[in-house]
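Colleague: Numbering (my numbering), first residue to last: 8 to 200.
Glycine residues also receive a C-beta, built at the ideal position from the N, C-alpha and C atoms.
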Ligand code: AMP
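#1: Tell me the DSSP bridge mates of residue 10?
#2: Helix, strand or coil: how does DSSP classify residue 142 here?
#3: At a cut-off of 7 Å, would you count residue 3 as near the ligand AMP, judging by its Cβ distance to the nearest heavy atom?
#4: To which residues does DSSP link residue 177 through a beta bridge?
#5: Could you give the distance in angstroms between the alpha-carbon of residue 9 and the alpha-carbon of residue 64?
#6: Throw me the rounded Cβ distance for the residue 162 and residue 98 pair, which I believe falls under 8 Å.
#7: Can we count residue 156 as close to the ligand AMP, meaning its CB is less than 7 Å from some heavy atom?
#8: Can you tell me whether residue 172 is helix, strand or coil according to DSSP?
#9: Does any heavy atom of the ligand AMP sit closer than 7 Å to the C-beta of residue 35?
#10: Looking only at its own chain, which residues have a Cβ that is under 7 Å from the Cβ of residue 156, when we skip the five neighbours before and after it?
#11: Does DSSP classify residue 184 as helix, strand or coil?
#12: Please tell me whether residue 37 and residue 186 are closer than 8 Å, where the distance is taken between their beta carbons.
#13: On the criterion of 16 or more Cβ atoms from any shown chain inside 10 Å, does residue 152 qualify as buried, or is it exposed?
#14: So within the segment 31-116, which uninterrupted beta strand (DSSP E) runs reach at least 3 residues, ignoring any that extend past its ends?
#15: What would DSSP say about residue 195, mapped onto helix, strand or coil?
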């Protein structure tokens, strides 16, 4: 059983890392960005609302995001744990997640933070834009997403650091060694709890 969060700036490769790490711990990787993109693709009302924010690099309002996450956490596969990717992104969402977990009598074990330099990030995001054609990977939108990360999401990392559950891992270098380092760090964190 593992209840984990992966954090990292846009372009840090956290989506890919999340998939690998989640597989290792046999829990689902739950990405709020992916959930939104599915809604956008399927043309749901939620997708129409979320898409307006995503295309500008802004955060989707907390109540919309949290309601969507609550629904996802209620699915059976999340009963034995999860790895959240992209949530929480604001201090308000940290509190909302605490409330969601308290109802389920669960707590978080480890928050993994991937550290990557700004230059690496922009390069990787522009490359991803070419490969995947994400509409929120243009240079202006990328800058806005990085800015929001610094303004809002750094405070989330600080909050988890204060709780003593944050583990930082170097997110530059080749993908397989980052995964291996991250898994080892989470395992030793879990063993120490
Ligand atoms: P991501 O794939 O995690 O980079 O998310 C893509 C976009 O989805 C973000 O730029 C936001 O517009 C939206 N999004 C994803 N997760 C959240 C969240 N926790 N709170 C608000 N907006 C989010």
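Modeller: In short, the structure shows the following:
#1: Mapped onto the chain shown, residue 10 falls at position 3. DSSP output for residue 10 lists 89 as bridge partner(s).
#2: Along the chain shown, read from residue 1 onward, the residue named residue 142 stands at position 135. In this structure, residue 142 counts as coil in the three-state DSSP scheme.
#3: The structure shown does not extend to residue 3, since the chain is modelled only from 8 through 200, so no value can be given for it.
#4: Here the question's residue 177 lines up with position 170 in the chain shown. Note: residue 177 sits in a beta bridge opposite 122.
#5: Taking the first residue of the chain shown as position 1, residue 9 is located at position 2. Taking the first residue of the chain shown as position 1, residue 64 is located at position 57. Cα-Cα distance, rounded: 31 Å.
#6: As a working note, residue 162 is residue 155 in the chain shown. As a working note, residue 98 is residue 91 in the chain shown. Yes, they are in contact, since the Cβ atoms of residue 162 and residue 98 sit about 5 Å apart, within 8 Å.
#7: Start at 1 with the first residue of the chain shown, and residue 156 comes out as number 149. No, the ligand AMP has no heavy atom inside 7 Å of this Cβ.
#8: Your numbering for residue 172 matches position 165 in the chain shown. In this structure, residue 172 counts as coil in the three-state DSSP scheme.
#9: As a position in the chain shown, residue 35 is number 28, starting the count at 1. Flag unset: Cβ of residue 35 not near the ligand AMP.
#10: Translated into the one-based positions of the chain shown, residue 156 becomes position 149. Result list for residue 156: 16, 17, in chain order.
#11: Stepping through the chain shown from its first residue, residue 184 is reached at position 177. Residue 184 falls in the helix class under three-state DSSP.
#12: For the purposes of this step, residue 37 is taken as the residue at position 30 of the chain shown. For the purposes of this step, residue 186 is taken as the residue at position 179 of the chain shown. Not closer than 8 Å, so no.
#13: Here residue 152 corresponds to residue number 145 of the chain shown, with the count starting at 1. With 16 or more Cβ atoms within 10 Å of its Cβ, residue 152 is classed as buried.
#14: 36-38, 88-92
#15: As a position in the chain shown, residue 195 is number 188, starting the count at 1. Reduced to three states, the DSSP call for residue 195 is helix.
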